[in-house]
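One structure is given here, and the rest of the page talks about it.
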């Protein structure tokens, strides 16, 4: 059989598989004791860094589709981890922001997920980490260039 594409050697497949494994490893932390879904964690983390965004901006920054973003936001609002505030710049939309309870939860989770990240990255020395960061930056740049080229 002529195998034109060996998935185990195909970079997008390798990256997707690694991303899923790392994401699942980190998810063990917030899924268990904290009972957050992956989508809810992403929304919480984005808002901890951005202070207030509308639902569309959250979806774009978390790389989530509209429905999973909407469901995550709804549950976080119901759990009183997020609150809706008026958008003074655009009356058609509301902004979402962390409540004090949401910020407290994020503050509990952040060191735990950072520790897991460090555990995963511990197999790399500082030069390898720098090279990895530079490699990701280059791949993001070329992918963005390719994606914006006229078809």
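In our numbering, the protein residues as written are 0 to 150.
Think of the CB as a built atom: it goes at the ideal place given N, C-alpha and C, for glycine as much as any other residue.
This structure is a prediction, so every number in the text was calculated from the model and none was measured.
Secondary structure within the stretch 43–87: the alpha helix (DSSP H) runs of 4 or more consecutive residues, fully enclosed, are 54–61 and 65–77 (chain order).
Judged by DSSP secondary structure, residue 93 falls within the beta strand (DSSP E) whose first and last residues are 93–97. In the three-state reduction of the DSSP assignment, residue 32 falls in the coil class.
Cβ-Cβ distances below 7 Å link residue 50 to 96 in the same chain, with the five nearest sequence neighbours on each side left out; the list follows chain order.
Between residue 70 and the set 31, 53, 32 and 39, the nearest pair of CA atoms involves 39.
In the three-state DSSP reduction, residue 11 falls in the helix class (H, G or I). With a beta-carbon spacing of about 5 Å, residue 100 and residue 79 fall inside the 8 Å limit used to define contacts. Boundaries of the alpha helix (DSSP H) harbouring residue 126: 125–147, taken from the DSSP string. Apart from sequence neighbours up to five positions away, the residues of its chain that approach residue 28 with a beta-carbon distance below 8 Å are 108, 111, 112 and 115, ordered along the chain. Inclusion of residue 12 and residue 3 in the CB contact set at 8 Å is not warranted, their separation being larger than that value.
Take residue 37, set aside five residues on each side of it, and the residues of its chain with a beta-carbon closer than 7 Å to its own are 22 and 26, in chain order. Here the alpha carbons of residue 61 and residue 45 stand approximately 7 Å from one another. The C-beta of residue 104 has 16 or more other C-beta atoms within 10 Å across all chains shown, which makes the residue buried.
For residue 76, the closest C-alpha among the options 94, 86 and 127 is that of 94.
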